[in-house]
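For the sequence shown, the positions run 1 to 345 when full-length UniProt numbering is used. The C-beta atom is built at its ideal place from N, Cα and C for all residues, glycine as well. Notes to accompany the following structure.
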Amino acid sequence: MLYGLGTPATTANGAPMTKPELRLKSDEASKEPDLLPLSAFKEAPRIIVIDVTNSCNLRCPVCPVTIAMTRRRGMMTMETFERIIGDFEGETEKPEIFFNFSGEPTLNPILPRLVARASGAGHKTFLSTNCTKLSERLAEELIGAGLSRVYLCMDGFDKEAQEAYRVRSNFDQVKRNIEMFMRTRAHLGADNPLCILQTLLTAYSEHQVDDITAWAKEIGIDRIRFKTFSSGTYTSEEEKRTAEQFIPKSPELRRNVANTVSPLCDEPVAATLVFWDGSLGLCCIDYDQKVAMPNIKDGGFLAAYRSDEAAKARRDGYLKKHEICANCSYSNAENMGYKVDLRKG
Numbered sequence: 001m002l003y004g005l006g007t008p009a010t011t012a013n014g015a016p017m018t019k020p021e022l023r024l025k026s027d028e029a030s031k032e033p034d035l036l037p038l039s040a041f042k043e044a045p046r047i048i049v050i051d052v053t054n055s056c057n058l059r060c061p062v063c064p065v066t067i068a069m070t071r072r073r074g075m076m077t078m079e080t081f082e083r084i085i086g087d088f089e090g091e092t093e094k095p096e097i098f099f100n101f102s103g104e105p106t107l108n109p110i111l112p113r114l115v116a117r118a119s120g121a122g123h124k125t126f127l128s129t130n131c132t133k134l135s136e137r138l139a140e141e142l143i144g145a146g147l148s149r150v151y152l153c154m155d156g157f158d159k160e161a162q163e164a165y166r167v168r169s170n171f172d173q174v175k176r177n178i179e180m181f182m183r184t185r186a187h188l189g190a191d192n193p194l195c196i197l198q199t200l201l202t203a204y205s206e207h208q209v210d211d212i213t214a215w216a217k218e219i220g221i222d223r224i225r226f227k228t229f230s231s232g233t234y235t236s237e238e239e240k241r242t243a244e245q246f247i248p249k250s251p252e253l254r255r256n257v258a259n260t261v262s263p264l265c266d267e268p269v270a271a272t273l274v275f276w277d278g279s280l281g282l283c284c285i286d287y288d289q290k291v292a293m294p295n296i297k298d299g300g301f302l303a304a305y306r307s308d309e310a311a312k313a314r315r316d317g318y319l320k321k322h323e324i325c326a327n328c329s330y331s332n333a334e335n336m337g338y339k340v341d342l343r344k345g
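Shown next as structure tokens:
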């Protein structure tokens with residue numbers, strides 16, 4: 001098996017290829033990529049990340065959406081989404097659907113319908129939002145749609161900390177919206193979604209961990225995810241200098257990028273990305289659609305995903321052969337952050 005893929009790769013005599021053999025083949029594949037069979041890269045993914053939209057209402061200073069994205073802006077339609085979900089009708093195992101990629105998903109007016117369609121078809125559904133556009137009606141719609149988990153993002157516990165990084169946001173509004181979402185879930189008597197407060201720790205907020213934790217516990221948050229800070233690998237030297245003000249003083253809260261962490265990357269085989277226009281994407285780092293892959297509109301999601309073109313791209317991603325792999329701040333990171341579980345028992 002290759003990192004949990006359902007169909008094992010095989011050796012020349014047809015016997016299943018073990019993980020050590022795959023590792024060995026991966027080392028050899030640096031010189032001869034065809035030693036890793038494409039069959040190992042065609043099994044349906046465990047996770048599908050949906051580019052609900054690549055537009056955002058905020059201007060975070062080191063976010064690629066703000067400073068580096070050049071691809072056309074748009075929003076996923078129900079017709080395109082159906083090309084994904086429809087392919088798994090009748091399947092016993094269904095991939096988890098993540099409604100968060102490059103933009104702010106709540107800007108897409110059909111988001112609750114997308115969530116309801118996936119949840120109703122038996123998929124676990126996940127959402128991450130900057131919470132600026134949350135309303136009581138939207139909260140009720142998302143909860144009623146069967147959302148499994150939501151990441152409520154707030155990057156500081158006062159106006160200065162939040163608004164320094166989340167440019168164009170309003171701290172008081174975001175805080176109220178998160179509190180409102182938690183009240184709405186309680187009022188509806190719903191067990192889901194699991195509510196996670198996600199906080200990027202910067203020099204402005206690293207000293208606020210205790211205050212954030214106490215508040216989150218008070219309003220009923222289930223879990224906190226504290227993320228480490230990276231100035232981004234897509235930033236210019238000038239932008240990196242601008243970002244220095246956000247680098248935490250505590251070394252353990254900095255995301256150190258070292259390409260020696262692992263010679264291989266699980267991301268292209270564990271999850272896949274679908275851009276808003278239906279094009280497949282390699283992984284969460286390919287924000288600007290640099291790796292050419294087929295479009296699901298031509299024959300559906302699974303046909304595009306299992307094509308030789310897509311499988312070869314994932315194999316090269318697994319081996320870190322793409323240009324975008326060289327300085328990836330995800331697969332090469334030594335410290336992505338930590339979690340705090342606030343649920344009782």
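Cutoff 7 Å; reference P294; Cβ partners in own chain excluding five residues on either side: Cβ within range, chain order: L280, A304, S307, E309, A310.
Counted within 10 angstroms of its Cβ, other Cβ atoms place P263 as buried (16 or more) or exposed: Classification for P263: exposed.
Beta-carbon spacing of I219, L342 below 7 Å: no
Endpoints, the alpha helix (DSSP H) within which Q173 is located: 171-188
Exposure label - Y151; buried when at least 16 CB within 10 Å: buried
Proximity of G103 and N177 at Cβ, strictly below 7 Å: no
Endpoints, the beta strand (DSSP E) within which V150 is located: Looking at the DSSP string, the run of the beta strand (DSSP E) that includes V150 is 149-153.
N-terminal and C-terminal residue of the alpha helix (DSSP H) that Y338 is part of: For Y338, no alpha helix (DSSP H) encloses it; the enclosing beta strand (DSSP E) starts and ends at 337-341.
Among F101, E96, K249, I110, the one whose alpha carbon lies nearest that of A121: E96
Reduced DSSP category for T242 - H, G, I as helix; E, B as strand; rest coil: Helix.
S230 classed as buried or exposed, judged by whether at least 16 other C-beta atoms fall within 10 angstroms: Buried, because 16 or more other Cβ atoms sit within 10 Å of the Cβ of S230.
Meets three-Cβ-pair contact criterion under 8 Å: the region 80-99 and the region 191-201: Counting Cβ pairs under 8 Å, fewer than three are found: no touch.
C325 (DSSP reduced to helix, strand or coil): helix
Per-residue burial, Y204 [other beta carbons within 10 Å of its own, 16 or more giving buried]: buried
Proximity of R59 and V167 at Cβ, strictly below 7 Å: Between R59 and V167, the gap from beta carbon to beta carbon is short of 7 Å.
CB of F246 within 7 Å of CB of T202, strictly: With a cutoff of 7 Å on beta-carbon distance, F246 and T202 are scored as near each other.
Own chain partners of E179 with C-beta closer than 6 Å, once the 5 adjacent residues on each side are dropped: I219, listed in sequence order.
Nearest residue (CA-CA) to E300, options D277, C284, L319, C283: Note that residue 300 is Gly in the sequence shown, not Glu. Closest by alpha carbon: D277.
H123 to P268 span [Cα, whole Å]: 20 Å
Reduced DSSP secondary structure (H/G/I, E/B, other) of E93: DSSP places E93 in coil when its eight states are reduced to three.
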